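Student: Okay, here's the structure, questions in a sec.
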Amino acid sequence: MSFNEEYKAITSLVNSDLEKLDFQIASYFSKKQDEHNEILPIINEFFAHKGKRIRCVLIFLFVKALNKEIDDFCLKIAAATEIIHNATLIHDDIIDCSIMRRGKKTINFDYDSKLAVLCGDYLLAEVLKILACTKDERIRKIYSDSVSRMILGEIKQYFNRFKILSIEQYLEKSKDKTARLFEAGIVSSYYAISPEIPNLDHVKSFALNFGTAFQIINDLENFDNPEKINEDIQNGDYSAPLIYYVRDKYKDSTRSLNNPAQVLKQLKNTDALEKTKQLAKYYLNSAIENISFLEDNLYKRAIMDLCNLYANK
133 MSFNEEYKAI
143 TSLVNSDLEK
153 LDFQIASYFS
163 KKQDEHNEIL
173 PIINEFFAHK
183 GKRIRCVLIF
193 LFVKALNKEI
203 DDFCLKIAAA
213 TEIIHNATLI
223 HDDIIDCSIM
233 RRGKKTINFD
243 YDSKLAVLCG
253 DYLLAEVLKI
263 LACTKDERIR
273 KIYSDSVSRM
283 ILGEIKQYFN
293 RFKILSIEQY
303 LEKSKDKTAR
313 LFEAGIVSSY
323 YAISPEIPNL
333 DHVKSFALNF
343 GTAFQIINDL
353 ENFDNPEKIN
363 EDIQNGDYSA
373 PLIYYVRDKY
383 KDSTRSLNNP
393 AQVLKQLKNT
403 DALEKTKQLA
413 KYYLNSAIEN
423 ISFLEDNLYK
433 RAIMDLCNLY
443 ANK
């Protein structure tokens, strides 16, 4: 089976919960709620083109692995997580001047950057309203910390353009940019269903390890797209494969990146891609170890299957 086919098979366990999630998100952006808001059709169109919703899938699988039901509060946590993620995608498309997103033209391309900024901001404002309804201060804090760290990660990336980072610096940036939102969603759902919060450190570590691996794999996949790599090199955004390539072959000299086409050709003849793949596998194997405290059931095995699926992507 292809990756997408295996992914659908594994995540079919939570299909009904994902359908409820779609309804929940749609309710936040209905015309009845705010009939004078002209950007709602644009936002609804954006959400109509769904991604894999991996953050929400893991939230649902984790809750069910603990033998709990997905209640309205868990749905709100998943919705907040997905809305934040989509807001960052809209803003990322502006920063990167992207034309396509999920097979459709981006908001900034179809309309303009100003409107795209407003759409992303509107989504974040909606999340504030969702989180304001929770009485659990821990949940509000972890989401505020998460968004703050995500923005910090983007700031680090901006000011480190055209610099060859250490792998440790790259991983820290990846953790902030991507893994923190995994942590917010999964840990918040754990707070919601488990007042005694045993094994909290393991839950946090799982989310951060999976999220970090997810970003590494995303960076690795970009090397199948010469246009994307050319764009990254020109923008001075160097991910793990480029870091390994330059450090091993050129001793940190960015002059070696002046010809993106040549870089891509040479890089594929080095072990940079394999090193990056092994790095992702390390974090995914760690994530599997982090959930050893869960009892063996269908949902725990599904989480492990997802880790292994991404490790072999």
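Take the position in the sequence shown, starting the count at 1, then add 132; the result is the number in the working numbering. Don't be surprised by glycine CBs; every beta carbon is placed ideally from N, CA and C. The model shown is predicted, which means the values in this text are computed figures rather than measured ones.
At which residue ranges does the segment 228-257 contain complete alpha helix (DSSP H) runs of 4 or more residues, listed in the order of the chain?
Tutor: With a minimum length of 4 residues, the continuous alpha helix (DSSP H) runs that stay inside the segment 228-257 are 239-242.
Student: Whose C-alpha, out of Tyr442, Tyr275, Met232, Asp428, is nearest the C-alpha of Asn199?
Tutor: Nearest of Tyr442, Tyr275, Met232, Asp428 to Asn199, Cα basis: Asp428.
Student: By a C-beta neighbour count over all protein chains shown, 10 Å radius and 16 as the cutoff for buried, is Gly343 buried or exposed?
Tutor: Buried: at least 16 other Cβ atoms inside 10 Å.
Student: Checking contacts by CB at 7 angstroms: is Tyr139 closer than that to chain B?
Tutor: Considering every chain present, this structure includes no chain B. It has just one protein chain.
Student: Among Arg293, Lys236, Glu315, Ala257, which residue has its Cα nearest to the Cα of Ile339?
Tutor: Note that residue 339 is Ala in the sequence shown, not Ile. For the residues Arg293, Lys236, Glu315, Ala257, the minimum Cα distance to Ala339 belongs to Glu315.
Student: Quick one: what's got a C-beta closer than 7 angstroms to Lys152's C-beta in the same chain, skipping five residues either side?
Tutor: Here the set comprises Leu207.
Student: Cβ atoms of Gly317 and Ile112: under 7 angstroms apart, would you say?
Tutor: Summary: the structure shown does not reach residue 112, with the chain confined to residues 133 through 445, and so no result is reported for it.
Student: Report the start-end ranges of each alpha helix (DSSP H) in the segment 186-233 that is 4 residues or longer and not cut off at the edges.
Tutor: Complete alpha helix (DSSP H) runs here, min 4: 186-197, 204-228.
Student: Got a sec, what are the start and stop residues for the alpha helix (DSSP H) Phe161 sits in?
Tutor: Premise fails: Phe161 is in no alpha helix (DSSP H) and is neither H nor E.
Student: In or out: Thr265 buried (at least 16 other Cβ within 10 Å) or exposed?
Tutor: In the sequence as presented, Thr is not what sits at residue 265; that position holds Cys. Label assigned to Cys265: exposed.
Student: With 16 as the cutoff for other CB atoms within 10 Å, does Ile231 come out buried or exposed?
Tutor: That one is exposed.
Student: Exposed or buried, which one is Lys196 when buried takes at least 16 other CB atoms within 10 Å?
Tutor: Buried: at least 16 other Cβ atoms inside 10 Å.
Student: Give me the Cβ distance between His181 and Gly252, rounded to the nearest whole Å; I'm assuming they're in contact under 8 angstroms.
Tutor: Not quite, the Cβ-Cβ distance comes to about 16 angstroms (not below 8 angstroms), so this is no contact.
Student: First and last residue of the alpha helix (DSSP H) that includes Tyr323?
Tutor: Start and end: 312-325.
Student: So Tyr377 and Ala412 are supposed to be a Cβ contact under 8 angstroms. How far apart are they, rounded?
Tutor: At roughly 16 angstroms, the Cβ-Cβ gap does not stay under 8 angstroms, so Tyr377 and Ala412 are not in contact.
Student: Given that a residue counts as buried once 16 or more other Cβ atoms are within 10 Å of its Cβ, and exposed if not, what is Leu399?
Tutor: Result: buried.
Student: From Ala443 to Val249, what distance separates their C-alpha atoms?
Tutor: So the alpha carbons of these two residues sit roughly 34 angstroms apart.
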